[in-house]
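Step one of this worksheet: look at the structure below.
Number of protein chains: 2
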Amino acid sequence: MEMKSVTRSLRILEAVAQHQPVTVGELTKLFGLPKSTVQRTLVTLAEAGWLRANRKDTTRWEIGARVLAVRPAALQGSSLFAAAREPMIRLRDAVNETIHLSVPDALQCMVVVDRVDCDHPVRTFHSIGDTSPLHATAVGRAILAQLPKRDVEELIAQGLERFSDTTPADPDELRAELDRIRTDGYAINRNHYRPGVCALAAPVLDESGTPLAAVAVSMPDSRYDADRESEWGDRVAGAAEEISGRLLGG
Amino acid sequence: MEMKSVTRSLRILEAVAQHQPVTVGELTKLFGLPKSTVQRTLVTLAEAGWLRANRKDTTRWEIGARVLAVRPAALQGSSLFAAAREPMIRLRDAVNETIHLSVPDALQCMVVVDRVDCDHPVRTFHSIGDTSPLHATAVGRAILAQLPKRDVEELIAQGLERFSDTTPADPDELRAELDRIRTDGYAINRNHYRPGVCALAAPVLDESGTPLAAVAVSMPDSRYDADRESEWGDRVAGAAEEISGRLLGG
DNA sequence: GCACAGCGTTCCACAATGTGGCACGGCTCA
DNA sequence: TGAGCCGTGCCACATTGTGGAACGCTGTGC
């Protein structure tokens, strides 16, 4: 819309976060922008404290600690990452599949904020910062199941896009599935969003029961084992509860 | 020293983080900028996903989840949190005071990245993201004591601001204190920065001896017991060493 | 040992971009 | 009902950011 330089600077900031420590040249290739433009942007971001030169290789840029002061209100003062890290690792060790942590962004989408990889040669991949729709993924529905009905109906009214044959795009189907999630404690995604990608997810709650985030075990459809669904679902729910507990008690 | 719009946008982003949820009017007063300029900036930041309208009061703005995807390299994918968490909790249990973990930001300041609270009704408080000067705090000096002399002299050359009567603002005093820290293994802060706040801190080192972070026990001056200083100092140093060890071993 | 290629950095004339004063419309409170 | 805010939209202007080109450094291969 406007403020091209600002939009571009934020894109560059995100790219640095993903590829840090990164050089000017790598970024120019990534964006196809003139070197001088990228360079100027990096220096500006660095002066503002959001970036800094790597101490060992000063031609490489990385994210500065300043960004830690900027966090969503729901998480301010809390340590979601710290609380989630160990339970996520233990969950990965138990199931040997990719684990990820996602937070809802204004009921618009889910954003992947952390990830623990497994060692399968074939595995699902989620980049930090990736977004996905609330109704079509396990993490999204894990959140939805904990929200007031009013919010869910608002989302339904906006229309439920269909991404695959199995996406729960019918309002009643979605409502029924949210009931099941509340009963069983975990959400399921079988190729609902991206073909070939399945997941089991459960919500992390704050002290008032508001869902802050969701943890998921994600795997290729080829490894999805219906017989272990409830066992793994319980494991995910257990990890999510542990994270919730750590956020409260410490 | 260019890209005024970018610099200003980041300032506004930080202000939103501090005051969220906040209105356009409040921000215009804060910065003394024209309404339309602030408004345009907010819309641009929101379109990029960094801000969003508050769900309950859509005239108020707050930080979006996107920012969580942007983290310093020292924390990204690394196990610093995971390695630090349990030793920090054990340290808290041993001394029943607030424990915090801080990382240095480009030799400019220390930033609090994690915290474990105690249950005293009166206790010190550190928000995640809070910054403090290197020379005036225990965590800062714990880091400084492990850095090459060159870096320390560079900092001294920049001038040592005095925050209280006891701030070690004299270069020789600081150098002597860094020597003591290397000998004893822990740094001490007695009202050097914020009046009434004392702390004992020790550095977390990587395999090359570079200081990555510092752990601190922080307490009100009223509970600072000089007789237990060396005992607690050793405990903090022990916790820091344990974290360093976990980072190496896995 | 020299020439070249690739890199980060600097410069500057140009015009695209962001600016901010102003005005509109909705809301709240007196 | 009217005054005082507040968020929003508009537009002519000139400040601001742009990006091509050139510089200097480093490492490599002939």
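From first to last, the protein sequence lines are chains F and V.
Our numbering numbers the first residue of the first sequence as 11 and each following residue consecutively.
Our numbering numbers the first residue of the second sequence as 11 and each following residue consecutively.
Positions of the beta carbon are idealized from the N, C-alpha and C atoms, including for glycine.
Query	Result
CB contact below 7 Å: Arg-95 (chain F) versus chain V	yes
Contact with chain V by Gln-30 (chain F), beta-carbon distance below 7 Å	yes
Member of F:Leu-20, F:Gly-195, F:Ala-79, F:Val-48 whose CA lies at the smallest distance from the CA of His-136 (chain V)	F:Ala-79
Which listed residue (F:Arg-204, F:Asp-194, F:Glu-163) has its alpha carbon closest to that of Leu-184 (chain F)	F:Glu-163
Beta-carbon proximity of Thr-108 (chain F) to Val-207 (chain F), cut-off 7 Å	no
Range of the contiguous beta strand (DSSP E) that encloses Asp-115 (chain F)	108 to 115
Straight-line gap, Val-214 (chain F) to Ala-197 (chain F) (C-alpha atoms, nearest Å)	13 Å
beta-carbon Arg-172 (chain F) near the ligand PLP non-hydrogen atom, thresh 6 Å	Absence of the ligand PLP from the depicted structure is noted, as is the absence of any ligand whatsoever, leaving it without description.
Within-7 Å CB hit, Val-16 (chain V) to chain F	yes
Of the listed residues V:Leu-111, V:Ala-236, V:Gly-219, nearest to Ala-93 (chain V) (C-alpha basis)	V:Leu-111
Listed by chain order, chain F residues near Thr-54 (chain V) by CB distance under 8 Å	Met-11, Glu-12, Met-13, Val-16, Thr-17
Where the stretch 48 to 74 of chain V meets chain F: residues whose CB sits under 8 Å from a CB there	Arg-50, Thr-51, Val-53, Thr-54, Leu-55, Glu-57, Ala-58, Gly-59, Trp-60, Arg-62, Ala-63, Arg-65, Glu-72, Ile-73, Gly-74
Three-pair Cβ contact test at 8 Å for the stretch 20 to 29 of chain V versus the stretch 232 to 248 of chain F	no
Backbone secondary structure at Trp-60 (chain F) - three-state DSSP	coil
Pairwise C-alpha distance: Arg-18 (chain V) and Ser-46 (chain V)	14 Å
Against chain F: residues of the stretch 123 to 155 of chain V by CB proximity under 8 Å	Val-123, Asp-124, Arg-125, Val-126, Asp-127, Ser-137, Ile-138, Gly-139, Asp-140, Thr-141
With 16 other Cβ atoms within 10 Å as the buried cut-off, status of Pro-158 (chain F)	exposed
Alpha-carbon spacing of Pro-114 (chain F) relative to Asp-182 (chain F), whole angstroms	22 Å
Coil, strand or helix - Thr-38 (chain V) by DSSP	helix
Own chain partners of Ile-253 (chain F) with C-beta closer than 6 Å, once the 5 adjacent residues on each side are dropped	Ala-93, Ala-94, Pro-97, Val-214
is_contact[Ala-27 (chain V), chain F] using C-beta, thresh 7 Å	yes
Reduced DSSP secondary structure (H/G/I, E/B, other) of Glu-164 (chain V)	helix
Outcome for Pro-82 (chain V) when other beta-carbon atoms lying within 10 angstroms are tallied against a minimum of 16	buried
Cβ-Cβ distance between Thr-176 (chain V) and His-145 (chain V) below 7 Å	no
Cβ neighbours of Ala-224 (chain V) in the same chain (closer than 6 Å, five flanking residues each side left out)	Ser-112, Val-149, Ala-152, Ile-153, Ala-211, Pro-213
Expected contact under 8 Å - CB spacing of Pro-31 (chain V) and Trp-71 (chain V) to nearest Å	6 Å
Cβ distance (whole Å) where Val-123 (chain F) is taken to contact Ile-138 (chain F) below 8 Å	6 Å
Cβ of Pro-221 (chain F) within 7 Å of any chain V Cβ	no
Residues bridged to Ser-142 (chain F) [DSSP beta-bridge criterion]	F:Met-120
Straight-line Cα distance separating Gly-35 (chain V) from Ala-27 (chain V)	16 Å
Neighbourhood of Leu-258 (chain V) by C-beta, 7 Å cutoff - its chain only, sequence neighbours within 5 removed	Glu-217
Met-229 (chain V) - partner residues in DSSP beta bridges	V:Cys-208
Same chain, Cβ closer than 6 Å to Arg-76 (chain F), neighbours up to 5 away in sequence not counted	Gly-59, Trp-60
Minimum Cβ-Cβ distance from Leu-8 (chain V) to chain F less than 7 Å	Nothing can be reported for residue 8 (chain V), as the shown portion of chain V is limited to 11 through 260.
Alpha carbon of Phe-41 (chain V) to alpha carbon of Val-48 (chain V), nearest angstrom	9 Å
Beta-bridge partners of Asn-199 (chain F), as assigned by DSSP	F:Ala-209
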